[in-house]
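Chains as they are written, first to last, in the numbering used here: chain B, 1 to 183; chain E, 1001 to 1125.
Next up, the structure:
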């Protein structure tokens, strides 16, 4: 994967397939601490301990269309190649939390990429699932919670084009404000 | 900054059109393959290109764009399937964002399949 945001999209879709109604994505990074941590938590069907061991194996997949499952192995590799770590916690009928931690300054660090686009597409393509996205940097933090938006929208779907545009702009503006950079 | 007040205005405007949106059993479907294979091959910009082109033409009530999983032809990703009610499903392969306006215009609007982009054409090469 060229961007970590693509890994996030990929792994978040495992949550969708696990029939989650709430998916919480958090991206926390610190230049001071030299780390970036991505976690994707869902309240889907969860996995047994045995299955958790299996998903790390590229030759394990529950799907029948092909014989390999590379989503989780690629995500794990991206973290471990920077000297970071990777962890999956899962409980049957409770949910799954996947966490990847990176050493930001490592030469093999994959760029985060367009994470806002990932969040927007996930909402657009799964308008009935709730997403909570939190981004944290050394300068601050912001959260987009579709449960709050849904309440305000009074039945207007989240995938309405104007709503998606608002979501995109909201993510963009808030990201800019916590990334700092040259003004 | 994007405010919630702005979102409320969008809501009120959208509510007026809501009934119209729900009642379209004849909507065409664009399914973009977005499993690991599709994403790695560049499906995300392709999906965005479809959404933009369809919005630009004001066709959001007539065409829905969604993600789908892997259908087992990973070597042909990004794969896009188009379903128009009453017609055979068409599978486009190795789709790039540049190909999207033509697919929307020729296939979705004018109902002429872009044969050279389909999986059938790819197999003959």
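C-beta atoms are modelled at their ideal positions from N, C-alpha and C, and glycine is treated no differently.
- prompt: If you draw a straight line from the alpha carbon of residue 1050 of chain E to that of residue 1113 of chain E, how long is it in whole angstroms?
  reply: Residue 1050 of chain E and residue 1113 of chain E: Cα-Cα distance of roughly 16 Å.
query: Can you find at least 3 beta carbon pairs, one from the stretch 1007-1018 of chain E and one from the stretch 153-162 of chain B, that sit closer than 8 Å?
result: Taking 8 Å as the limit for Cβ pairs, the verdict is that the stretch 153-162 of chain B does touch the stretch 1007-1018 of chain E.
Closer than 7 Å at the beta carbon, the chain B residues around residue 1006 of chain E: 166
- request: Identify each residue in the stretch 1101-1112 of chain E for which the Cβ-Cβ distance to at least one residue of chain B is less than 8 Å, and report them in chain order.
  value: none
- prompt: Since residue 46 of chain B contacts residue 95 of chain B with CB under 8 Å, what's their CB separation in whole angstroms?
  reply: 5 Å
query: According to the Cβ coordinates, are residue 1077 of chain E and residue 1031 of chain E closer than 8 Å?
result: no
- prompt: For residue 8 of chain B versus residue 135 of chain B, is the C-beta spacing smaller than 8 Å?
  reply: Result no, Cβ atoms of residue 8 of chain B and residue 135 of chain B do not sit closer than 8 Å.
- prompt: Are residue 104 of chain B and residue 179 of chain B touching if we call contact CB-CB under 8 Å?
  reply: The criterion of a C-beta distance shorter than 8 Å is not satisfied by residue 104 of chain B and residue 179 of chain B.
query: What residues in the stretch 1043-1061 of chain E have a beta carbon less than 8 Å from any beta carbon of chain B?
result: 1044, 1047, 1048, 1051, 1055, 1060
Beta-carbon proximity check, residue 30 of chain B vs residue 115 of chain B, cutoff 8 Å: no
message: Strictly below 9 Å CB to CB, what residues from chain B border residue 1034 of chain E?
response: 9, 10, 13, 121, 125
With 16 other Cβ atoms within 10 Å as the buried cut-off, status of residue 1003 of chain E: So residue 1003 of chain E counts as exposed.
query: Can you list, in chain order, the residues of its chain whose CB lies under 7 Å from that of residue 1005 of chain E, leaving out five sequence neighbours each side?
result: none
task: Please confirm if the stretch 42-59 of chain B is in contact with the stretch 81-99 of chain B, defined as three or more CB-CB distances below 8 Å between the two stretches.
output: The stretch 42-59 of chain B makes contact with the stretch 81-99 of chain B: 3 or more CB pairs, one atom from each, lie closer than 8 Å.
- prompt: Could you give the residue range of the beta strand (DSSP E) that holds residue 969 of chain E?
  reply: Beyond the ends of chain E as shown, which are 1001 and 1125, falls residue 969 of chain E; an answer cannot be given.
From E:1121, E:1104, E:1039, residue whose alpha carbon lies closest to that of residue 1070 of chain E: Closest by alpha carbon: E:1039.
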